[in-house]
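Asker: Can you keep this structure in mind? I'll have questions shortly.
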Amino acid sequence: MIRFRLKIEGLENIPKGACILAMNHTSNYDSLIVGTHAPRKMYIMAKEELFKNRFFSYIITEMGSFPVKRGQADMKSLKHTLKILKNGGIFSIFFEGTRSKDGEIQEAKKGIGFIAARSKAPVVPTYVYGAKNGWFKPAGVIFGKPITFEDGTEYEEITSQITKEIKKLIKAAN
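Encoded structure:
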């Protein structure tokens, strides 16, 4: 995506091996902005409804998206995610589970905690901003420092810590 004044910060915080980019979601362009600036191919869960159109499905699949059934434990998607991370890939997830209509951080879903605990991959808090403000407004991405969790940390605690770290990025950026 070509934009004027697109600012990318913290790329050096993305580890060489497996990692999880936990990011907020305010625009349909968020994954495109992050994916085109990630140091290597990024994989991301996308709601299964996006895969109904064959042409669009082909495009987003080529970009690393794979379907997830929202509102339930989608074991197929979870297994695929864990395989990506086991193979050293970058997995990106909208930790809130859906797009925020007002731009405010919503309550995070526990899936991010589950994936982080099971994979033991570092989590990079990622703040995407300005993508819904129009083509000529400042927009960008801030990749925070990776965080890791001790074995046995509860999913809820992991989810809470990730949310706190993203809120810190937002506060520092504004």
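According to full-length UniProt numbering, the residues represented by the sequence shown are 1 to 174, in order.
Ideal Cβ placement from N, Cα and C applies to all residues, glycine included.
Below 8 Å on the Cβ atoms is my guess for residue 144 versus residue 125; work out the distance and round it to an integer in Å.
Answerer: Confirmed, about 4 Å.
Asker: Are there 16 or more other CB atoms within 10 angstroms of the CB of residue 67, so buried, or fewer, so exposed?
Answerer: Burial call: buried.
Asker: Rank 138, 82, 40 and 113 by C-alpha distance to the C-alpha of residue 151 and give the top, closest one.
Answerer: Closest by alpha carbon: 113.
Asker: Closest to residue 156 by C-alpha separation, out of 171, 142 and 115, would be which residue?
Answerer: The option with the nearest alpha carbon to residue 156 is 115.
Asker: For residue 120, name the three-state secondary structure that DSSP assigns.
Answerer: DSSP places residue 120 in coil when its eight states are reduced to three.
Asker: Going by other Cβ atoms of all chains shown within 10 Å of its Cβ, with 16 needed for buried, is residue 59 buried or exposed?
Answerer: Exposed: under 16 other Cβ atoms inside 10 Å.
Asker: Given a cut-off of 7 Å, decide if residue 10 and residue 142 are closer than it, judged by their beta-carbon atoms.
Answerer: In this structure, residue 10 lies closer than 7 Å to residue 142 by Cβ.
Asker: Pull up the CB-CB distance for residue 73 and residue 163, whole angstroms please, since I reckon it's below 8 Å.
Answerer: Not a contact, Cβ separation roughly 21 Å.
Asker: Counting along the chain, where does the beta strand (DSSP E) carrying residue 45 start and finish?
Answerer: 42-47 is the span of the beta strand (DSSP E), which, as asked, contains residue 45.
Asker: State the start and end residues of the unbroken beta strand (DSSP E) segment that holds residue 9.
Answerer: Residue 9 -> beta strand (DSSP E) spans 6-9.
Asker: Skipping 5 residues on each side, what residues in its chain have a beta carbon closer than 6 Å to that of residue 37?
Answerer: Same-chain partners within the cutoff: 8.
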